[in-house]
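A.B. asks: Heads up, the sequence shown is in numbering that gives the first Met the number 0, so the first residue is 0 and it goes up one at a time.
All C-beta atoms in this analysis are idealised placements derived from N, C-alpha and C, irrespective of residue type, glycine included.
Keep in mind the model is a prediction, meaning the values are calculated, not measured.
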Amino acid sequence: MITEQDIKNVIEKEVMGFDVNNLRNDQDFTEAGIDSLDHLSILLALEEGYGVKKIPDEFIDDCRSISGILSYLSNE
Numbered sequence: 000m001i002t003e004q005d006i007k008n009v010i011e012k013e014v015m016g017f018d019v020n021n022l023r024n025d026q027d028f029t030e031a032g033i034d035s036l037d038h039l040s041i042l043l044a045l046e047e048g049y050g051v052k053k054i055p056d057e058f059i060d061d062c063r064s065i066s067g068i069l070s071y072l073s074n075e
């Protein structure tokens, strides 16, 4: 099971120069300064690195925060 810390580790790796310590779990990635390309890179890294099944396009917008990703994964 993926944890909040796992997601933060992926964000640190995928988004150069981003400080995850300033990111709230419920904060939208765009609001935090993470662009759409980095958002997709985060999701892809979770799929590849943690064995997450491909997130269907219709659910990508639901995964725009740490809590959104955790919520989506808990429903899978």
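1. Restricting to Cα atoms, I'd like to know which of Val-14, Val-19 and Leu-72 is closest to Tyr-49.
2. Rounded to the nearest angstrom, what separates Arg-63 and Asn-20 at their Cα positions?
3. Which residue marks the beginning of the alpha helix (DSSP H) containing Val-19, and which one marks its end?
4. Give me the Cβ distance between Leu-69 and Glu-3, rounded to the nearest whole Å; I'm assuming they're in contact under 8 Å.
5. Helix or strand or just coil, what does DSSP make of Asn-8?
6. Can you tell me the Cβ-Cβ gap for Ile-10 and Ile-41, rounded? I've got them flagged as a contact below 8 Å.
7. Kindly indicate which three-state DSSP category Ala-75 falls into: helix, strand or coil?
C.D. replies: Let me lay it out:
1. Leu-72
2. 17 Å
3. Val-19 -> no alpha helix (DSSP H), and no H or E assigned at all.
4. 7 Å
5. helix
6. 6 Å
7. With the sequence shown as reference, residue 75 is identified as Glu, and Ala is not the correct amino acid for it. Coil at Glu-75, not helix or strand.
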